[in-house]
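Chains A and B supply the protein sequences, listed in that same order.
The numbering used here puts the first residue of the first sequence at 8, with every later residue one more than the last.
The numbering used here puts the first residue of the second sequence at 115, with every later residue one more than the last.
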Amino acid sequence: AQKITQTQPGMFVQEKEAVTLDCTYDTSDPSYGLFWYKQPSSGEMIFLIYQGSYDQQNATEGRYSLNFQKARKSANLVISASQLGDSAMYFCAMREGNTGFQKLVFGTGTRLLVSP
Amino acid sequence: SQTIHQWPATLVQPVGSPLSLECTVEGTSNPNLYWYRQAAGRGLQLLFYSVGIGQISSEVPQNLSASRPQDRQFILSSKKLLLSDSGFYLCAWSVLTGLITEAFFGQGTRLTVV
Numbered sequence: 008a009q010k011i012t013q014t015q016p017g018m019f020v021q022e023k024e025a026v027t028l029d030c031t032y033d034t035s036d037p038s039y040g041l042f043w044y045k046q047p048s049s050g051e052m053i054f055l056i057y058q059g060s061y062d063q064q065n066a067t068e069g070r071y072s073l074n075f076q077k078a079r080k081s082a083n084l085v086i087s088a089s090q091l092g093d094s095a096m097y098f099c100a101m102r103e104g105n106t107g108f109q110k111l112v113f114g115t116g117t118r119l120l121v122s123p
Numbered sequence: 115s116q117t118i119h120q121w122p123a124t125l126v127q128p129v130g131s132p133l134s135l136e137c138t139v140e141g142t143s144n145p146n147l148y149w150y151r152q153a154a155g156r157g158l159q160l161l162f163y164s165v166g167i168g169q170i171s172s173e174v175p176q177n178l179s180a181s182r183p184q185d186r187q188f189i190l191s192s193k194k195l196l197l198s199d200s201g202f203y204l205c206a207w208s209v210l211t212g213l214i215t216e217a218f219f220g221q222g223t224r225l226t227v228v
């Protein structure tokens, strides 16, 4: 079963507008972590933001914020004031394992296109 | 500061040829190390992970192998490449102790098997 689901293969947004990229997850572990990465056309994976399952506040990093709804098991990424440079693939990931080895499991990604 | 180096950036290899991709991490000790593969237009699939020298675990059965001869060196290999081995390979590291809150990736190697 999919542990990380990103249902939007592609999203379009106009420059300076906000956009929300969806991510839902499936785990029975009470302790987990959620990540968002940006992958521009160059291929590198750029870490954007992290949310721990016990964090009381939604994570924010500059123009990125994570809308964490634990009961709904969703961790949507909100990008405010979109810029042309935000055009890229975006991946949601979840940390599996809390003792011993830990790994990141990724969703299939959402391609964001920002238009002028 | 920590950095991760991965090479080569691109590689075109014939079917049946061997493969060696190298990844090194600087500025940290005892990292968790990972090899991921990304097929065209898809998400990342974890291939191998390592928690220490000589300790390799495989996530999926495949034509590839991994080795960790030194603490900060992770190598992905194959004796005979298949067409299906084509893809974008990414090395990553995270801290070994505590809960992972960040994982850092190399620049990736785009492998085309012809």
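All C-beta atoms, glycine included, are put in the ideal place defined by N, C-alpha and C.
These figures come from a predicted structure and were not determined experimentally.
Point to revise | Three or more C-beta pairs below 8 Å linking the segment 125–137 of chain B and the segment 107–120 of chain A | key: no
Check your understanding: What are the start and end residues of each continuous beta strand (DSSP E) run of 3 or more residues lying completely inside the segment 129–201 of chain B, in chain order?
Key -> 133–140, 146–152, 158–166, 169–172, 179–184 and 187–192
Review point. Mapping DSSP to helix, strand and coil, what is LEU213 of chain B?
Key: coil
Exercise for review: With 9 Å as the limit, tell me which residues of the segment 156–175 of chain B have their beta carbon closer than that to any beta carbon of chain A; keep them in chain order.
Suggested key: ARG156, GLY157, LEU158, GLN159, LEU160, TYR163, VAL165, SER171 and GLU173
Check your understanding: Taking Cβ-Cβ distances shorter than 9 Å, what residues in chain A pair up with ILE118 of chain B?
Key -> Within chain A, no residue comes near ILE118 of chain B; the closest Cβ sits about 10 Å away, beyond 9 Å.
Point to revise | Identified DSSP bridge partners for GLU24 of chain A | key: Looking at the DSSP assignment, GLU24 of chain A forms no beta bridge with any residue, so it has no partner.
Review point. Going by other Cβ atoms of all chains shown within 10 Å of its Cβ, with 16 needed for buried, is VAL129 of chain B buried or exposed?
Key: exposed
Review point. Buried or exposed: which applies to ARG102 of chain A, given that a residue is buried once 16 or more other Cβ atoms fall within 10 Å of its Cβ?
Key: buried
Practice item. At 7 Å on the CB atoms, spell out the chain A contacts of GLY141 of chain B, in chain order. Key: Per Cβ cutoff of 7 Å: no residues; GLY141 of chain B is ~16 Å from chain A at best.
**Study point:** Coil, strand or helix - GLY17 of chain A by DSSP
**Key:** strand
Point to revise | Residues from the segment 85–115 of chain A in contact with chain B, defined by Cβ distance under 7 Å | key: PHE98, ARG102, ASN105, PHE108, GLN109, LYS110, LEU111, PHE113, GLY114 and THR115
Point to revise | Neighbouring residues, chain B, relative to GLU51 of chain A (Cβ below 7 Å) | key: PHE219, GLN221 and GLY222
Practice item. Verify the CB distance criterion: does GLY17 of chain A have a CB-CB separation below 8 Å to chain B? Key: no
Practice item. Assign ASN146 of chain B to buried or exposed, taking buried as 16 or more other Cβ atoms, counted over all protein chains shown, within 10 Å of its Cβ. Key: buried
Check your understanding: Nearest-angstrom Cα distance between CYS99 of chain A and TYR44 of chain A?
Key -> 6 Å
**Study point:** Option nearest ASP226 of chain B by Cα separation, candidates B:ALA217, B:GLN187 and B:SER131
**Key:** For the record, residue 226 of chain B in the displayed sequence is Thr; it is not Asp. Nearest option by C-alpha distance: B:SER131.
Exercise for review: With 8 Å as the threshold, decide whether the Cβ of LEU135 of chain B is near any Cβ in chain A.
Suggested key: no
Review point. Does any residue of chain B bring its CB to less than 8 Å from the CB of PHE54 of chain A?
Key: yes
Check your understanding: Does the distance from the C-beta atom of ALA95 of chain A to that of LEU41 of chain A stay below 8 Å?
Key -> no
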